[in-house]
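Encoded as structure tokens, the structure appears first; notes follow it.
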Amino acid sequence: MTTGPAAPPALYDNRNVALVDLLDRLLAGGVVIAGEITLGIADVDLVRISLRALVATIRAAGIEAWEEDG
Amino acid sequence: MTAVPDTGSANTWLYAVVQAPSGALPESLTGVAGEPLRLLDVPGLAAVAGSVPRADFDEEALNAHIQDPAWLERAVRDHHRVVCVLGRTHRVLPMRFATLCQDDARAVELLTERHDRLLAAVDHVSGRTELGVKAWSAPRGAEASGPADGQSPGAAYLSRLRARRDERDRATQAAMEQASRVHARLAGVAADWVQHPPQPGEATGRDEPMLLNCAYLVDDDRLPGFRSAVDAMAAETAELTLELTGPWPPYSFAGHERQDAGEGESA
Chain Y
65 MTTGPAAPPA LYDNRNVALV DLLDRLLAGG VVIAGEITLG IADVDLVRIS LRALVATIRA
125 AGIEAWEEDG
Chain V
2 MTAVPDTGSA NTWLYAVVQA PSGALPESLT GVAGEPLRLL DVPGLAAVAG SVPRADFDEE
62 ALNAHIQDPA WLERAVRDHH RVVCVLGRTH RVLPMRFATL CQDDARAVEL LTERHDRLLA
122 AVDHVSGRTE LGVKAWSAPR GAEASGPADG QSPGAAYLSR LRARRDERDR ATQAAMEQAS
182 RVHARLAGVA ADWVQHPPQP GEATGRDEPM LLNCAYLVDD DRLPGFRSAV DAMAAETAEL
242 TLELTGPWPP YSFAGHERQD AGEGESA
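One line per chain: the protein sequences are Y and V, in this order.
Here the first sequence is numbered in the working numbering, starting from 65 and rising by one per residue.
Here the second sequence is numbered in the working numbering, starting from 2 and rising by one per residue.
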């Protein structure tokens, strides 16, 4: 699509990404530093919370169109 | 670098670490609170940060927010958007979602403490791309076996149930073996891999169990080979449905210590 001046290392898709795949990576991956403010939840709770988010999203997707060009 | 913003009422949200020299950030790039982003100097690296209102992003508020599916999805996608945009111009090492510090000074201090490991992680993902591969048992068609001669209707029913269950077990077993073979082949092509937990059916909308949910870190020049290996195995393995995702920013490998790095330290 658009080509920038410098060749990008990779063109990451930031739109057509399933939330479930994103949650796998953002809640369990990434660089971890122990800051003062932490999500006060264990891994198990994170799984439950992400599942709740997913179910809500899937329900919403059943109502609205999933993909939008906007 | 840039003017230090007033952080008295704000916390510092970290998005990613990028390799120095970092250049300028896209001006229009904003973060999870719609805030403008800035670079923080860390030796040999730069961190991409934003100031988010403390009232909305202290520990209590944050933990309340993440219970709200709509908030969580929006924030997760915002964090991801920033990382993706940075990835167009920088070698990027994403931070864990919701990495928050009291202020910039503390963020720099924490990152500087981990400076060596961050540099090693940047090195590990350089020239490589993360791809995801998921596998499920293929959907089963309805298989009908007629009642055996001389069986009572009740016995026929039971043996039909048993046969169906045995068939399902056999199919799942075969699919699991296929999934291990798929993984072994892909791991052979990849420079590194990480296993994510199988995604539950409620999240995928599939009835079949997920048998593989792995992230692979692939040398950029081996990407075509990796993709064709996935295609080939999708065609070969009747028992499996395969899905390839990505390219991803290297989330799954950003905090990853090499498994062959000798004795591990307990975090």
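Note that CB positions come from ideal geometry on N, CA and C, so glycine has one too.
Predicted model, so just to flag it, every value in this text is computed and none were measured.
- Per DSSP, the beta bridge partners of W194(V) are Y217(V).
- In the structure shown, the three-state DSSP call for N78(Y) is coil.
- Pairing S253(V) with E131(V) gives a Cβ-Cβ distance under 8 Å.
- Beta-bridge partners of M96(V) (DSSP): V95(Y).
- Of all alpha-carbon atoms in Q20(V), D208(V), A192(V), the one lying nearest the alpha-carbon of G226(V) is that of A192(V).
- Look at V126(V) here: in three-state DSSP terms it is helix.
- As computed with DSSP, W249(V) is found in a beta bridge with E131(V).
- Segment contact: the stretch 233–243 of chain V against the stretch 56–70 of chain V, fewer than three CB-CB distances shorter than 8 Å; contact not assigned.
- For D105(V), the uninterrupted alpha helix (DSSP H) segment begins and ends at 105–114.
- The beta carbon of A56(V) sits no closer than 8 Å to any beta carbon of chain Y.
- Judged by DSSP in its simplified three-state form, S138(V) adopts strand.
- Rounded to the nearest angstrom, the gap between the Cα atoms of R165(V) and Q174(V) is 14 Å.
- Remark: C-beta atoms of P250(V) and L218(V) do not approach each other more closely than 8 Å.
- In the three-state reduction of the DSSP assignment, P44(V) falls in the coil class, being assigned neither a helical nor a strand state.
- Contact with chain Y is absent for A106(V), since none of that chain's Cβ atoms lies less than 8 Å from the residue's Cβ.
- Between V49(V) and V19(V), the C-beta spacing is below 8 Å.
- Straight across, the Cα-Cα distance linking L224(V) with L91(Y) is about 26 Å.
- Using a CB distance cut-off of 8 Å, Q200(V) counts as an interface residue toward chain Y.
- For L224(V), there is no enclosing beta strand (DSSP E); the residue is found in the alpha helix (DSSP H) stretching over 224–237.
- Shown in chain order are the members of the stretch 175–209 of chain V whose Cβ falls below 9 Å from a Cβ of chain Y: V195, H197, P198, Q200, P201, E203, A204, T205, G206.
- Between A121(V) and the set P22(V), S23(V), G45(V), D208(V), the nearest pair of CA atoms involves G45(V).
- When G151(V), S181(V), R141(V), G133(V) are compared, the shortest CA-CA separation from G247(V) is found for G133(V).
- Against chain Y, the beta carbon of V18(V) has neighbours under 7 Å at V95, listed in chain order.
- Taking 8 Å as the cut-off, the beta carbon of L41(V) is found no closer than this to the beta carbon of D117(V).
- Here Q200(V) is buried, its C-beta having at least 16 other C-beta atoms within 10 Å.
- Listed as beta-bridge partners of G51(V) by DSSP are W14(V), L38(V).
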